[in-house]
Amino acid sequence: MTLQRYLDETVARFPERAAVREPGGASVTYRELGELSDRLRDRLASMGVAPGDRVGIYLRKSIDTVAAIFGVLKTGAAYVPVDPSAPPSRNGYIFANCSVKVAITERRFEPGLRKHLSEEGAADTPLFVIDEAAGGAGLRAALDAADAATRAPRVATVHTGPDALAYILYTSGSTGKPKGVILTQRNATSFVDWCSETFAPAPEDVFSSHAPFHFDLSILDIYTPLKHGASLALVPEDIGKDPQKLARLIHDARITVWYSTPSVLSLLVQYGKLEDYDLSHIRTILFAGEVFPIVHLKALHALLPAPRYFNLYGPTETNVCTFFELPPAIPSERVDPFPIGMVCSHLEAVVVDDAGDEVGRGERGELCIRGASVTPGYWNLPEQTAKAYLTTGVGARDAAKGPWYKTGDVVTEETGGVYVYAGRKDRMVKKRGYRVELGEIESCLYRHPDVREAAVVAIPDDELGLKVRAHLATRDGGRLSVIALKGFCAQHLPVYMIPDVFSFHAELPKTSTEKTDYQALMRME
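Residue 525 is where the sequence shown ends in the working numbering, and the numbering goes up by one at each step.
If you want it as structure tokens, here you go:
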């Protein structure tokens, strides 16, 4: 099975069912989406795109973008999506780094992209330019214009093998340059098959598409509904960051399956006025990407008690690898976040110490994952790829069964194979000789009734070695008493974990994927 075959089979089964919808009424049926992606397949093939190539996608979220993704896949090539709101220099670097054969972009992005491709030594990269990505009309017009000049010969859809590259998602790299996570057809389809098994999608469903297409949450959004003949409701960036507009869209689009980061759901429950809408059509709420502060999760569950709630966990390198379904009722006394849950059925998990040996149940260690959805590595970064996998302990003994990917996340395994998240290895610091998990401090701060957002960083200090600074956004936008805050922390944390400094903000900076931007906070220092 390939991702492109999902679309072909659904076109045959449900040709006139709505496939993708945009706010404002624009939509395409499966037949129209199939035809549009076929035309782009033919055009890309005429431009020399062949199986194994990479094709860049630099478009705003739209029907055009979904068609472009499938058009690329149908050539047997891999798509490389970039963030249209990111600096053009970053996107030019990404396309040059993975040597895209063609880049599909909008007229507004063309000058900047050409400039930075040239600076990266890739000035001869062909561009397929769309005047404006919206409703599928922009892509259709661009194809009409190209065909008027020279009609592209019709070619067959390529169904590559399971180990063929399907897409590359670029994430922040430790070197300061983004690094490309390689994902194969097997990586993607094994995950989509697991979603089908776990969430039972139906043709009547309407899935949200809140995540940008360069973010790994988009893989569930795009392919799970399209495999089953359901509809995909696109959420543009401007609406996705406005909780009141977002609540209206959820209502108007009759979304049944919602998926986003907890930050988005926290904003919705605080400022979206959800109580003003009939949202009884929502049957499933999925969240992933970060810890969901329990105070906001309780508030959301109180407003929307009927849906099933799932906490999904996993880095880009594995997509979702563990999941936990919340109980029908959340105890009022609960103050800790819910577990990240059990390993997905298509994967295996192990918790290891620093030597790579498995730790006992209840002991902290690094979570390692292996199986069908685990990345083969990073694009053109052999050293980082080698470091990403466990080679000692169980990694050395079980090598024949496939590599264990080191997530960098610290967990404990509880009864029933349920994993509890304890923090990041790279967010553990030493303060006065004590190991301090910065995420644990954040969890404490989220218990404060006046705290809306919290992020904790460690900063160098000449006298103490390091200080812990808590960045906070409050419910009323004001400042809180530092003395009272320290007293509150003292009720929940040991003295050495209480933040040394508190900073207050109207809101915390976010990345393009709506996660807290810790790098931006560190730059403030």
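The beta-carbon is built from N, C-alpha and C at its ideal position, and this holds for glycine as well.
Rounded distance between the beta-carbons of residue j and residue i, thought under 8 Å
i, j, result
"L347", "I369", "6 Å"
"A152", "R43", "5 Å"
"V468", "K431", "7 Å"
"L7", "S37", "7 Å"
"P293", "S266", "7 Å"
"A67", "L117", "About 23 Å separates the two Cβ atoms, so there is no contact after all."
"E120", "G92", "5 Å"
"F199", "A233", "Not a contact, Cβ separation roughly 16 Å."
"I63", "E22", "6 Å"
"V359", "R447", "With 8 Å as the limit, V359 and R447 do not qualify as a contact, their Cβ atoms being about 28 Å apart."
"V410", "Y496", "Incorrect: roughly 18 Å between the Cβ atoms, too far for contact."
"L274", "L303", "5 Å"
"D185", "A164", "Note that residue 185 corresponds to Gln in the displayed sequence, not to Asp. Confirmed, Cβ separation roughly 5 Å."
"L381", "A455", "28 Å between Cβ atoms; not a contact."
Segment limits, beta strand (DSSP E) that includes residue i
i, result
"I255", "Here I255 belongs to no beta strand (DSSP E), and DSSP marks it neither H nor E."
"E325", "T322 to E325"
"Y419", "V418 to R424"
"G34", "No beta strand (DSSP E) holds G34; the alpha helix (DSSP H) holding it covers Y30 to S46."
"V129", "L127 to I130"
"R186", "No beta strand (DSSP E) holds R186; the alpha helix (DSSP H) holding it covers Q185 to F199."
"Y58", "R54 to Y58"
"S231", "S231 to L234"
"E414", "Y405 to E414"
"R452", "V451 to D461"
"Y170", "L165 to T171"
"P51", "Note, P51: premise wrong, no beta strand (DSSP E); not H, not E."
"I369", "G365 to G371"
"A149", "No beta strand (DSSP E) holds A149; the alpha helix (DSSP H) holding it covers A137 to A149."
"F310", "R308 to Y313"
"R21", "A18 to R21"
"T105", "V102 to E106"
Inter-residue spacing [alpha-carbon to alpha-carbon] between residue i and residue j
i, j, result
"D193", "E16", "24 Å"
"A103", "L113", "9 Å"
"K486", "P460", "21 Å"
"R364", "P243", "37 Å"
"A78", "M1", "15 Å"
"L445", "V451", "7 Å"
"I250", "H505", "29 Å"
"F502", "H471", "6 Å"
"D500", "E317", "35 Å"
"R475", "P449", "9 Å"
"T392", "R361", "20 Å"
"E383", "R108", "37 Å"
"S99", "S332", "53 Å"
"A355", "E366", "11 Å"
Contact check, residue i vs residue j, beta carbons under 8 Å
i, j, result
"T125", "P51", "no"
"T322", "Y313", "yes"
"V291", "G439", "yes"
"E453", "E525", "no"
"P178", "Y170", "yes"
"V257", "R283", "yes"
"I182", "W379", "yes"
"T10", "G229", "yes"
"N187", "S373", "yes"
"I285", "N311", "no"
"K606", "G25", "For the chain, the structure presents residues 1 to 525; residue 606 sits outside this window and is missing."
"A247", "L268", "yes"
"I498", "C489", "yes"
"L217", "A19", "no"
"R41", "L143", "no"
"L390", "K401", "no"
"P337", "S231", "no"
"F324", "P203", "no"
"A123", "F95", "no"
"S85", "E237", "yes"
"H281", "I255", "yes"
"S190", "T224", "no"
First and last residue of the uninterrupted alpha helix (DSSP H) at residue i
i, result
"S503", "First-last for S503: V501 to F504, but that is the beta strand (DSSP E), not the alpha helix (DSSP H)."
"C444", "L438 to Y446"
"E110", "E110 to E119"
"N91", "P88 to N97"
"E9", "L3 to R13"
"L297", "I294 to L303"
"Y277", "That residue, Y277, is in no alpha helix (DSSP H); it is neither H nor E in DSSP."
"L73", "I63 to L73"
Three or more C-beta pairs below 8 Å linking the region 210-218 and the region 394-409: no
Segment contact, 8 Å Cβ cut-off, at least three pairs: the region 44-61 with the region 128-135: yes
Stretch-stretch touch, CB-based, cutoff 8 Å, three pairs: the region 257-266 with the region 503-521: yes
The region 345-364 in contact with the region 410-425 per 3-pair CB rule at 8 Å: yes
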